[in-house]
Amino acid sequence: MKVSKQFKAKVCGQTDIVAVEAMSSQSFGRHTHDQFGIGVLVSGAQDSASGRGQVRATNGNMITVNPNEVHDGRPVDGKARTWRMLYLDPELIAQFAQSMGHSAGVEFIHPVLGDTSAVMAFKRLYVALTDPKREPKQGLIDEIAEQELFQILVPLLGNNQPTEAEILSAELARAKARLDAHPEIPVSLNELATEAGLSRFQFLRAFKAVTQLPPHAYRLQRQLQMARRLIMQGHTLLQASLLSGFADQSHLTRHFVSSYGLTPGSLSQSRKTQSFSALK
Numbered sequence: 001m002k003v004s005k006q007f008k009a010k011v012c013g014q015t016d017i018v019a020v021e022a023m024s025s026q027s028f029g030r031h032t033h034d035q036f037g038i039g040v041l042v043s044g045a046q047d048s049a050s051g052r053g054q055v056r057a058t059n060g061n062m063i064t065v066n067p068n069e070v071h072d073g074r075p076v077d078g079k080a081r082t083w084r085m086l087y088l089d090p091e092l093i094a095q096f097a098q099s100m101g102h103s104a105g106v107e108f109i110h111p112v113l114g115d116t117s118a119v120m121a122f123k124r125l126y127v128a129l130t131d132p133k134r135e136p137k138q139g140l141i142d143e144i145a146e147q148e149l150f151q152i153l154v155p156l157l158g159n160n161q162p163t164e165a166e167i168l169s170a171e172l173a174r175a176k177a178r179l180d181a182h183p184e185i186p187v188s189l190n191e192l193a194t195e196a197g198l199s200r201f202q203f204l205r206a207f208k209a210v211t212q213l214p215p216h217a218y219r220l221q222r223q224l225q226m227a228r229r230l231i232m233q234g235h236t237l238l239q240a241s242l243l244s245g246f247a248d249q250s251h252l253t254r255h256f257v258s259s260y261g262l263t264p265g266s267l268s269q270s271r272k273t274q275s276f277s278a279l280k
């Protein structure tokens with residue numbers, strides 16, 4: 001079956017928010033993002049599995065993803081689906097969450113939501129943020145967009161949940177922090193387990209229970225996120241590949257396409273045309 005895909009990066013008036021429109025019949029393997037994702041399925045349907053369960057989103061549903069949440073995406077019956085997404089920096093969501101009485105580490109509780117008012121607020125927010133007349137800005141969004149985002153977040157943020165840092169033991173957290181800080185540096189399971197004071201099996205089981213990925217797969221997702229940032233900062237594809245710990249550019253490209261559905265070259269080109277990357 002032929003796989004169709006089209007990703008259109010949108011210039012966004014908010015530099016800590018990434019906007020994208022996509023149409024694809026591609027299935028996406030298990031991967032993560034380093035931002036919150038909020039979107040609406042414009043047409044078609046999609047099945048997805050994550051730490052929040054197995055869900056199906058249909059036309060008009062809101063879809064979400066939390067930072068570093070392992071998830072996949074599969075078109076229903078192999079038919080293309082179309083969606084719009086906004087990816088928001090965790091710091092921005094934390095500011096809004098705290099102003100709403102939540103902890104800074106709160107996460108979205110619904111992977112799929114059929115709330116009509118939230119969906120309409122998202123559509124208005126998306127149009128406002130991608131308005132070509134809007135001047136790019138960093139930090140808190142303007143009053144109109146702020147009101148729309150509040151409407152979206154009300155149903156998405158439930159009761160405060162324990163943050164990942166509260167769940168992790170100090171030893172396991174240190175090992176995870178090592179992968180977060182330097183994903184480009186190879187590290188063995190034995191090293192990580194020793195640092196956590198656990199056997200290799202104990203560490204593997206505990207790490208996967210918290211992150212939903214074994215350490216090598218978790219590191220790969222961090223490498224991909226690092227490569228994306230480097231490309232958006234203006235590094236060449238080869239530089240981004242090597243600096244993020246990949247053997248070569250083809251190694252990066254293979255994993256990039258598998259996780260995100262577009263090539264590093266497409267991402268680089270979107271930057272050159274003053275667009276932002278969008279990975280879903």
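Reminder that position 278 of the sequence shown reads as 278 in full-length UniProt numbering, one-by-one numbering, no gaps. Cβ coordinates follow ideal geometry from the N, Cα and C atoms, glycine included. Since we're looking at a predicted model, the values are computed, not measured.
Legend entry - Nearest candidate by alpha-carbon position, reference G261, set H31, I17, V18: Comparing alpha-carbon positions, the option among H31, I17, V18 lying closest to G261 turns out to be H31.
Legend entry - Strand pairing of K73, partner residues [DSSP]: The sequence given here has Gly at residue 73, not Lys. According to DSSP, which records beta bridges pairwise, G73 is partnered with F28.
Inset, instruction - Report, in whole angstroms, the separation of the C-beta atoms of I93 and F150, which I expect to be a contact under 8 Å. - result: That belief does not hold up - the Cβ atoms of I93 and F150 are roughly 12 Å apart, past 8 Å.
Legend entry - P183 versus S43, F246, S50, residue with shortest Cα-Cα distance: Measuring from the Cα of P183, the nearest candidate turns out to be F246.
Inset, instruction - May I ask you to report which of helix, strand or coil DSSP gives R84? - result: Correct three-state label for R84: strand.
Inset, instruction - Could you name the residues of the same chain whose beta carbon sits closer than 7 Å to that of T58, not counting the 5 residues immediately before and after it, in chain order? - result: Excluding the 5 residues flanking it on each side, T58 has same chain C-beta neighbours closer than 7 Å at L41, A45, in chain order.
Inset, instruction - Taking 7 Å as the cut-off, decide whether the C-beta atoms of L113 and I38 are in contact. - result: No, they are not a contact pair.
Legend entry - For E21 and F276, the rounded distance between their alpha carbons: Since pLDDT at F276 reaches only 42, below the 50 mark, its modelled position is unreliable, and the value read off the structure follows with that caveat. Their Cα atoms are separated by approximately 11 Å.
Inset, instruction - Note down, in chain order, each residue of its chain lying with its Cβ closer than 6 Å to the Cβ of E166, except the 5 sequence neighbours on either side. - result: With a pLDDT of 46 at E166, under the threshold of 50, the modelled position of this residue cannot be trusted; read the value that follows with caution. Within the same chain, E166 has no close Cβ partners at all.
Legend entry - Whole-angstrom distance between E146 and L198, CA atom to CA atom: In this structure, the alpha-carbon of L198 lies about 46 Å from that of E146.
Inset, instruction - Just list the beta strand (DSSP E) runs in the region 79-131, keeping only unbroken ones of 3 residues or longer that don't cross its boundaries, in chain order. - result: For the region 79-131, whole beta strand (DSSP E) runs of length 3 or above, ordered along the chain, are 81-88.
Inset, instruction - Jot down the residue ranges of each uninterrupted alpha helix (DSSP H) in the UniProt domain "HTH araC/xylS-type" (173-270), minimum 4 residues, whole runs only, in chain order. - result: Every unbroken stretch of the alpha helix (DSSP H) spanning 4 or more residues and falling wholly within the UniProt domain "HTH araC/xylS-type" (173-270) is given here in chain order: 189-196, 200-211, 215-232, 237-243, 249-260.
Legend entry - 7 Å Cβ cutoff met for A193 and F203: Result yes, Cβ atoms of A193 and F203 sit closer than 7 Å.
Inset, instruction - May I ask you to verify whether the region 234-250 touches the region 204-213, counting CB pairs closer than 8 Å and requiring at least 3? - result: With fewer than three CB-CB distances shorter than 8 Å, the region 234-250 does not count as touching the region 204-213.
Inset, instruction - Label Q14 either buried or exposed according to how many other C-beta atoms from any shown protein chain fall within 10 Å of its C-beta, with 16 as the threshold for buried. - result: Buried, since its Cβ has 16 or more Cβ neighbours within 10 Å.
Inset, instruction - Look at the Cβ atom of V65, then the Cβ atom of H33, and state whether they are nearer than 7 Å. - result: In contact: V65 and H33 (Cβ atoms closer than 7 Å).
Legend entry - Span separating the alpha-carbon of D77 from that of S25: The straight-line gap separating the alpha-carbon atoms of D77 and S25 is approximately 9 Å.
Inset, instruction - Would you identify the three-state DSSP class for L153, choosing helix, strand or coil? - result: Helix, per DSSP.
Inset, instruction - Evaluate P162 with the Cβ neighbour count: other Cβ atoms within 10 Å of its Cβ, from every protein chain shown; 16 or more gives buried, anything less gives exposed. - result: Because the pLDDT of P162 is 47, which lies under 50, any placement of that residue in the model is unreliable, and the number read from its coordinates should be weighed accordingly. Answer is exposed; the Cβ neighbour count stays below 16.
Inset, instruction - Classify S99 as buried or exposed, calling it buried when 16 or more other Cβ atoms lie within 10 Å of its own Cβ. - result: Exposed: under 16 other Cβ atoms inside 10 Å.
Inset, instruction - Let me know the secondary structure DSSP gives Q46 once reduced to three states. - result: Correct three-state label for Q46: strand.
Inset, instruction - Note down the Cα distance separating I109 from R52, rounded to an integer number of angstroms. - result: Straight across, the Cα-Cα distance linking I109 with R52 is about 8 Å.
Legend entry - Cut-off 8 Å between Cβ atoms - residues of its own chain near L153, not counting five sequence neighbours on either side: Once the five neighbours on either side are set aside, the close Cβ partners of L153 are I93, F96, A97, M100.
Legend entry - Selected residue, minimal CA-CA separation from R228, among C12, V18, Q6: Nearest neighbour of R228 by Cα position, chosen from C12, V18, Q6, turns out to be V18.
Inset, instruction - Confirm, please, whether the CB-CB distance from L267 to R222 is below 7 Å. - result: In this structure, L267 does not lie closer than 7 Å to R222 by Cβ.
Inset, instruction - Apply the 10 Å Cβ neighbour rule to E107 and answer buried if 16 or more other Cβ atoms are within range, or exposed otherwise. - result: With a 10 Å radius around the Cβ and a threshold of 16 neighbouring Cβ atoms, E107 comes out buried.
Legend entry - Pairwise C-alpha distance: P264 and L140: Confidence is the limiting factor: at L140 the pLDDT is only 49, short of 50, which leaves the residue's position unreliable, though a coordinate-based value still follows. About 29 Å.
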